[in-house]
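Protein chains in written order, with our numbering: chain A, 84 to 216; chain B, 84 to 216; chain C, 84 to 216; chain D, 84 to 216. All residues carry an ideal CB built from backbone N, CA and C; glycine is no exception. Everything on this sheet refers to the single structure shown next.
Protein chains: 4
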Amino acid sequence: MVHKCEIRVRYSDTDQMKRLHHGAYVDYLEVARIEMLRDTGFSYAQLEAQGYAFPVIGLNIDYQGAASFDELVILETRIQCTSPVRIRFNYELFVKEHRIANASVELACINLETARPTRIPKDFLAQLLAISS
Amino acid sequence: MVHKCEIRVRYSDTDQMKRLHHGAYVDYLEVARIEMLRDTGFSYAQLEAQGYAFPVIGLNIDYQGAASFDELVILETRIQCTSPVRIRFNYELFVKEHRIANASVELACINLETARPTRIPKDFLAQLLAISS
Amino acid sequence: MVHKCEIRVRYSDTDQMKRLHHGAYVDYLEVARIEMLRDTGFSYAQLEAQGYAFPVIGLNIDYQGAASFDELVILETRIQCTSPVRIRFNYELFVKEHRIANASVELACINLETARPTRIPKDFLAQLLAISS
Amino acid sequence: MVHKCEIRVRYSDTDQMKRLHHGAYVDYLEVARIEMLRDTGFSYAQLEAQGYAFPVIGLNIDYQGAASFDELVILETRIQCTSPVRIRFNYELFVKEHRIANASVELACINLETARPTRIPKDFLAQLLAISS
Numbered sequence: 084m085v086h087k088c089e090i091r092v093r094y095s096d097t098d099q100m101k102r103l104h105h106g107a108y109v110d111y112l113e114v115a116r117i118e119m120l121r122d123t124g125f126s127y128a129q130l131e132a133q134g135y136a137f138p139v140i141g142l143n144i145d146y147q148g149a150a151s152f153d154e155l156v157i158l159e160t161r162i163q164c165t166s167p168v169r170i171r172f173n174y175e176l177f178v179k180e181h182r183i184a185n186a187s188v189e190l191a192c193i194n195l196e197t198a199r200p201t202r203i204p205k206d207f208l209a210q211l212l213a214i215s216s
Numbered sequence: 084m085v086h087k088c089e090i091r092v093r094y095s096d097t098d099q100m101k102r103l104h105h106g107a108y109v110d111y112l113e114v115a116r117i118e119m120l121r122d123t124g125f126s127y128a129q130l131e132a133q134g135y136a137f138p139v140i141g142l143n144i145d146y147q148g149a150a151s152f153d154e155l156v157i158l159e160t161r162i163q164c165t166s167p168v169r170i171r172f173n174y175e176l177f178v179k180e181h182r183i184a185n186a187s188v189e190l191a192c193i194n195l196e197t198a199r200p201t202r203i204p205k206d207f208l209a210q211l212l213a214i215s216s
Numbered sequence: 084m085v086h087k088c089e090i091r092v093r094y095s096d097t098d099q100m101k102r103l104h105h106g107a108y109v110d111y112l113e114v115a116r117i118e119m120l121r122d123t124g125f126s127y128a129q130l131e132a133q134g135y136a137f138p139v140i141g142l143n144i145d146y147q148g149a150a151s152f153d154e155l156v157i158l159e160t161r162i163q164c165t166s167p168v169r170i171r172f173n174y175e176l177f178v179k180e181h182r183i184a185n186a187s188v189e190l191a192c193i194n195l196e197t198a199r200p201t202r203i204p205k206d207f208l209a210q211l212l213a214i215s216s
Numbered sequence: 084m085v086h087k088c089e090i091r092v093r094y095s096d097t098d099q100m101k102r103l104h105h106g107a108y109v110d111y112l113e114v115a116r117i118e119m120l121r122d123t124g125f126s127y128a129q130l131e132a133q134g135y136a137f138p139v140i141g142l143n144i145d146y147q148g149a150a151s152f153d154e155l156v157i158l159e160t161r162i163q164c165t166s167p168v169r170i171r172f173n174y175e176l177f178v179k180e181h182r183i184a185n186a187s188v189e190l191a192c193i194n195l196e197t198a199r200p201t202r203i204p205k206d207f208l209a210q211l212l213a214i215s216s
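Rendered as structure tokens:
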């Protein structure tokens with residue numbers, strides 16, 4: 084399943100090259116991830132309230148184009164369970180029909196009390212597997 | 084007493100007007116505040132560890148000029164105890180000899196457990212009064 | 084006329100007090116401003132393309148509450164022409180029915196070539212006056 | 084040659100996990116890059132003034148630890164010329180003696196007029212090769 088999410092480029096996210104600053108992409112990837120979870124019936128806020136955290140352990144962005152102020156960035160996200168304790172999000176970013184970047188972000192599932200890796204909660208995992216098949 | 088602090092404008096803090104984005108000033112004011120506390124022998128991190136928080140309750144910025152990428156912004160900070168539970172920081176911001184902004188930020192002293200206003204810790208207040216006289 | 088705009092609190096906009104960082108409000112005010120202009124038929128991007136810039140010259144925020152990750156911040160914006168070369172936006176910010184801040188932002192109209200204040204473009208001013216009455 | 088740079092974690096760069104937000108690392112990498120160039124006698128601002136831009140085309144971060152508010156992040160940077168039109172920066176990030184991340188950032192050299200890749204300016208390249216040997 085591909086999840087689609089649109090984010091409009093904020094003025095504060097531009098830099099003096101008159102483009103979306105390369106660092107702001109990371110926040111956009113995070114927004115797309117959280118919207119994807121929401122659409123699967125889970126909220127990141129609830130998962131945190133249940134004692135789980137999902138810190139980012141890996142980030143990769145391959146920039147191929149650019150986005151300007153006020154343009155809509157379209158983020159297409161695919162999810163992948165890479166291990167019982169890790170989830171990977173693969174992204175394609177577009178402005179209109181032009182791809183501006185590929186990206187991937189890997190998260191670990193952490194028990195907030197012990198601060199150690201823990202298995203992804205079963206119901207959440209089942210939902211992830213359902214949407215990634 | 085005036086406290087002086089220099090912050091170099093980051094590329095990520097510029098916008099497409101090729102200037103330090105007006106929102107980034109707020110983070111610079113915060114850095115200057117924390118450096119001022121450090122120089123008086125208190126660290127904001129320690130105060131938080133002791134159960135105090137100092138949320139911002141008021142912010143005012145009067146922009147008079149601009150700063151560009153890689154320029155040094157000089158922040159001159161003066162402190163003012165406006166009540167037993169509030170502190171106010173008054174700022175002048177310069178690039179070289181040109182003033183680019185006046186600003187003020189008011190903080191409340193909060194007990195982190197009760198989440199309610201509480202008196203500024205005595206030793207911290209004594210130190211604040213010493214440096215503001 | 085009141086313009087309403089909703090912005091969801093991003094994870095990257097929280098701080099270790101587990102709240103929307105006070106500096107991020109400034110970017111939210113900017114987003115609300117740009118959405119308000121869009122709804123009146125003007126885009127900030129077009130105005131810049133026509134040779135105008137609207138730098139912020141004054142900012143004031145009175146924080147009265149807080150917003151948490153994933154909450155929707157509702158921004159109610161009212162516009163005010165304070166002079167032929169200045170526009171002021173007055174804001175009330177809410178989470179659900181709780182007001183979390185009042186704010187105002189004043190912009191100057193600048194000719195991008197001369198970098199000097201200039202009269203707000205007539206058609207834009209007419210539209211501003213129409214919606215502010 | 085290894086270039087060392089220290090950046091203190093700002094309050095605004097923390098998130099509600101009480102750590103430096105993973106997206107803020109990207110801005111820290113940029114600061115370290117610009118400080119490294121400065122120490123080699125070039126300023127990024129001057130290079131832009133001479134008609135060159137160095138947009139980021141690739142970004143990779145492998146997070147291994149975490150940094151907290153007010154801690155000093157130490158960035159060790161090594162430079163690598165991967166082609167006549169590309170430079171790569173390889174980073175190790177530490178808090179005290181603990182490595183918190185490895186990262187790499189690849190830049191393309193662009194002619195600002197044509198917006199097309201161009202050879203890295205000779206004197207700048209000579210300096211880069213001198214420090215990377």
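If you draw a straight line from the C-alpha of residue i to the C-alpha of residue j, how long is it?
i, j, result
"I214 of chain D", "V85 of chain D", "8 angstroms"
"Y94 of chain A", "V139 of chain C", "12 angstroms"
"E159 of chain A", "F172 of chain A", "10 angstroms"
"F137 of chain B", "I90 of chain B", "22 angstroms"
"V178 of chain A", "Q133 of chain B", "48 angstroms"
"T123 of chain C", "A115 of chain C", "12 angstroms"
"M119 of chain B", "L176 of chain B", "15 angstroms"
"F152 of chain B", "Y146 of chain D", "28 angstroms"
"F234 of chain C", "D206 of chain C", "Not covered by the structure: residue 234 of chain C. The range shown for chain C is 84 to 216."
"E154 of chain D", "Y108 of chain D", "13 angstroms"
"V188 of chain C", "R199 of chain B", "29 angstroms"
"D98 of chain A", "I117 of chain B", "26 angstroms"
"I144 of chain C", "L208 of chain C", "26 angstroms"
"E196 of chain D", "V168 of chain D", "16 angstroms"
"R121 of chain A", "D96 of chain C", "18 angstroms"
"L212 of chain C", "Y111 of chain C", "24 angstroms"
"S166 of chain A", "I183 of chain B", "53 angstroms"
Taking C-alpha atoms, which residue in the options lies nearest to residue i?
i, options, result
"C164 of chain D", "D:S151, D:Q210, D:D98 and D:A107", "D:Q210"
"I203 of chain B", "B:L212, B:C192 and B:L130", "B:C192"
"R161 of chain A", "A:Q99, A:F207 and A:Y174", "A:Y174"
"I170 of chain C", "C:V109, C:T97 and C:T201", "C:T201"
"L190 of chain D", "D:L208, D:T197, D:L142 and D:L212", "D:L142"
Is the Cβ-Cβ distance between residue i and residue j less than 9 angstroms?
i, j, result
"Y135 of chain A", "N185 of chain A", "no"
"I157 of chain B", "K87 of chain B", "yes"
"V92 of chain A", "A128 of chain A", "no"
"G106 of chain C", "E113 of chain B", "yes"
"G148 of chain A", "H181 of chain A", "yes"
The stretch 128-160 of chain A: which residues have C-beta closer than 9 angstroms to a C-beta of chain D, in chain order?
E131, A136, P138, V139, I140, G141, L142, N143, I144, D145, Y146, Q147 and A149
Beta carbons nearer than 9 angstroms to chain B: which residues of the stretch 92-108 of chain C have them?
Q99, M100, R102, H104, H105, G106, A107 and Y108
Can you list the beta strand (DSSP E) stretches of 3 or more residues lying completely in the stretch 146-190 of chain B, in chain order?
155-166 and 169-178
Can you give me, in chain order, the residues of the stretch 109-121 of chain B that have a beta carbon less than 9 angstroms from any beta carbon in chain C?
V109, D110, L112 and E113
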